[in-house]
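Asks:
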Amino acid sequence: MDLLEKECLKCDKNFQQGDIWNYYYLSDKVPAQGWKIHISSQIKDAVNIFKIVYKLSQLNNCSFKVVKNLEELKKINSPREMSPTANKFITLYPKSESEAKSMICNLTNKLSEFKAPKILSDYQCGMHSPVHYRYGAFLKKQAYDEKNKKVIYLLLDEKRKNYVEDKRQNFPSLPSWKMDLFSEEEKRIYFQTTCEVSSKDSAINKYKIEKIIKRSNKGNVYRAIRKSDGQKVIIKQSRPFVNYDAEGEWTALDDIKNEAYMLKKLADKSYTTNLIDEFYIVDDYFLVQEQVDGLNFEEFIRETEYSLNIREKSLDNIVNIVNDIHKLGYKIVDIAPTNFIYTKNELHPKS
Numbered sequence: 001m002d003l004l005e006k007e008c009l010k011c012d013k014n015f016q017q018g019d020i021w022n023y024y025y026l027s028d029k030v031p032a033q034g035w036k037i038h039i040s041s042q043i044k045d046a047v048n049i050f051k052i053v054y055k056l057s058q059l060n061n062c063s064f065k066v067v068k069n070l071e072e073l074k075k076i077n078s079p080r081e082m083s084p085t086a087n088k089f090i091t092l093y094p095k096s097e098s099e100a101k102s103m104i105c106n107l108t109n110k111l112s113e114f115k116a117p118k119i120l121s122d123y124q125c126g127m128h129s130p131v132h133y134r135y136g137a138f139l140k141k142q143a144y145d146e147k148n149k150k151v152i153y154l155l156l157d158e159k160r161k162n163y164v165e166d167k168r169q170n171f172p173s174l175p176s177w178k179m180d181l182f183s184e185e186e187k188r189i190y191f192q193t194t195c196e197v198s199s200k201d202s203a204i205n206k207y208k209i210e211k212i213i214k215r216s217n218k219g220n221v222y223r224a225i226r227k228s229d230g231q232k233v234i235i236k237q238s239r240p241f242v243n244y245d246a247e248g249e250w251t252a253l254d255d256i257k258n259e260a261y262m263l264k265k266l267a268d269k270s271y272t273t274n275l276i277d278e279f280y281i282v283d284d285y286f287l288v289q290e291q292v293d294g295l296n297f298e299e300f301i302r303e304t305e306y307s308l309n310i311r312e313k314s315l316d317n318i319v320n321i322v323n324d325i326h327k328l329g330y331k332i333v334d335i336a337p338t339n340f341i342y343t344k345n346e347l348h349p350k351s
């Protein structure tokens with residue numbers, strides 16, 4: 001039993017335990033939908049944040065659910081997580097808009113010392129705040145969308161009285177009949193938010209984004225073109241405080257910065273891609289590297305046009321690359337067939 005499990009029992013033994021969540025029903029008046037409050041947390045802060053949230057929930061008789069242990073929180077906080085639950089440590093279900101607004105302000109104040117990962121579907125209450133909110137369904141109602149061939153969550157359109165999709169996207173959005181719970185002026189006062197950074201002078205403006213080739217909790221990977229000369233590039237993004245490190249000493253952002261460091265160290269090697277740029281936008285870190293056109297090694301092996309001799313030579317090349325990096329005193333901890341790109345000239349590791 002870990003520290004979070006012990007604290008959950010210590011606070012209240014009368015909760016319902018599910019596969020992932022502990023459910024605390026502190027009121028019998030949970031509406032079908034409304035303003036959800038989501039709390040995110042780094043692993044190292046989870047127990048302390050839970051204590052504060054539990055006290056405030058008790059004072060307001062506000063029902064909530066919390067991840068049942070630190071192992072489950074590690075999964076939800078994983079840099080590779082792509083589901084709508086990413087970074088959602090605690091979910092609170094206020095009984096009214098006024099209660100939601102009051103609790104959001106109180107929680108933002110009481111949790112101001114903590115820095116936490118962003119929940120992409122929600123409005124975040126200040127830079128790196130654990131407190132987020134969105135309008136959505138409290139009670140699970142689903143249907144099958146025949147057109148898009150997927151199961152969707154449903155939300156009652158309060159004006160038209162019909163059900164619509166409760167969209168959980170990678171950015172905050174509101175149903176057509178709802179306005180944001182806080183005005184821009186209130187956000188500046190309560191959450192110390194600032195105006196969005198203009199992209200006019202941003203380093204990202206040097207590139208034309210063509211496609212998002214991968215989405216994950218830690219950030220997106222983009223295929224892009226440098227506007228000045230048409231150079232094809234890959235841009236990797238990393239968001240702060242995304243980790244499953246119990247001490248909070250190593251994050252996804254550290255991973256990608258380490259990748260940039262290694263590209264610099266191996267710049268004179270023929271088997272690495274070229275590091276083109278690195279920069280921050282607010283606190284998101286971006287790495288730009290040359291795009292290598294070719295087949296990853298998994299695709300290469302499946303191709304029938306290459307002889308057995310060429311395949312064996314390519315395997316020898318991989319062994320030589322790994323040995324060369326090891327001789328320099330570095331250990332490769334992420335290696336798979338898709339980590340290598342085969343071109344007609346040579347084999348490149350793909351980070």
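Residue 54 in UniProt numbering sits at position 54 of the sequence shown; the count goes up by one each step and never skips. For each residue, glycine too, the CB sits at the ideal point set by N, CA and C.
1. Buried or exposed for W250, please, with buried defined as at least 16 other CB atoms from any protein chain shown within 10 angstroms of its CB.
2. Which parts of the region 234-320 are runs of the beta strand (DSSP E), unbroken and 3 residues or longer, counting only runs that do not cross its ends?
3. Measuring straight from C-alpha to C-alpha, what distance separates L26 and L92?
4. Could you give the distance in angstroms between the alpha-carbon of R160 and the alpha-carbon of S176?
5. Just grab the DSSP bridge partners of R215 for me.
6. Given that a residue counts as buried once 16 or more other Cβ atoms are within 10 Å of its Cβ, and exposed if not, what is Q289?
7. Among Q42, L253, S183 and K110, whose alpha-carbon lies nearest the alpha-carbon of A246?
8. Can the beta-carbon of Q237 be found closer than 9 angstroms to that of I276?
9. Please classify R134: does DSSP put it in a helix, a strand, or coil?
10. Let me make sure I understand the geometry here. Which of P240, I321, L308 and Y271 has the alpha-carbon closest to that of F286?
11. For my contact list, N220 and K214 are in at a C-beta cut-off of 8 angstroms; report their separation, rounded to the angstrom.
12. Short check: CB of F297 to CB of F340, under 9 angstroms?
13. For the alpha helix (DSSP H) containing Y330, list its first residue and its last residue.
14. Going by beta carbon distance, what residues of the same chain come within less than 6 angstroms of K74, once the five residues before and after it are set aside?
15. Give the secondary structure of N339 by DSSP, where H, G and I count as helix, E and B as strand, and everything else as coil.
16. Cβ of A267 versus every heavy atom of the ligand GDP: is any distance shorter than 8 angstroms?
Replies: So, from the data block:
1. Counted from its first residue, the sequence shown places residue 250 at position 250. Exposed is the call here.
2. 275-281 and 284-290, all fully within the region 234-320.
3. Stepping through the sequence shown from its first residue, residue 26 is reached at position 26. Stepping through the sequence shown from its first residue, residue 92 is reached at position 92. Spanning the two alpha carbons is a distance of roughly 11 angstroms.
4. Translated into positions along the sequence shown, residue 160 becomes position 160. Translated into positions along the sequence shown, residue 176 becomes position 176. Rounded to whole angstroms, R160 to S176 spans 11 angstroms at the Cα level.
5. The count along the sequence shown starts at 1 and reaches residue 215 at position 215. None, per the DSSP bridge assignment.
6. Numbered from its first residue, the sequence shown carries residue 289 at position 289. So Q289 counts as buried.
7. As a working mapping, residue 246 is identified with position 246 in the sequence shown. A246 has its Cα closest to that of Q42, out of Q42, L253, S183 and K110.
8. Numbered from 1 along the sequence shown, position 237 holds the residue referred to as residue 237. Numbered from 1 along the sequence shown, position 276 holds the residue referred to as residue 276. The answer is no: Cβ separation not under 9 angstroms.
9. Taking the sequence shown and counting its residues from 1, the one referred to as residue 134 is at position 134. The answer is strand: DSSP assigns R134 an E or B state.
10. Here residue 286 refers to the residue found at position 286 when the sequence shown is read from its first residue. Comparing Cα positions, the closest option is P240.
11. By 1-based counting over the sequence shown, the position of residue 220 is 220. By 1-based counting over the sequence shown, the position of residue 214 is 214. Between K214 and N220 the Cβ distance is about 7 angstroms, and since that is below 8 angstroms, they are a contact.
12. Here residue 297 is taken as the residue at index 297 of the sequence shown, counted from 1. Here residue 340 is taken as the residue at index 340 of the sequence shown, counted from 1. The answer is yes: Cβ separation under 9 angstroms.
13. Counting from 1 along the sequence shown, the entry for residue 330 is found at position 330. It is not in any alpha helix (DSSP H) - Y330 carries neither H nor E in the DSSP assignment.
14. Translated into the one-based positions of the sequence shown, residue 74 becomes position 74. So the list reads Y244, once near-sequence residues are dropped.
15. Against the sequence shown, residue 339 aligns to sequence position 339. Of the three classes helix, strand and coil, the one that applies to N339 here is helix, per DSSP.
16. Questions concerning the ligand GDP fall outside what the structure shown contains, since it holds no ligand whatsoever.
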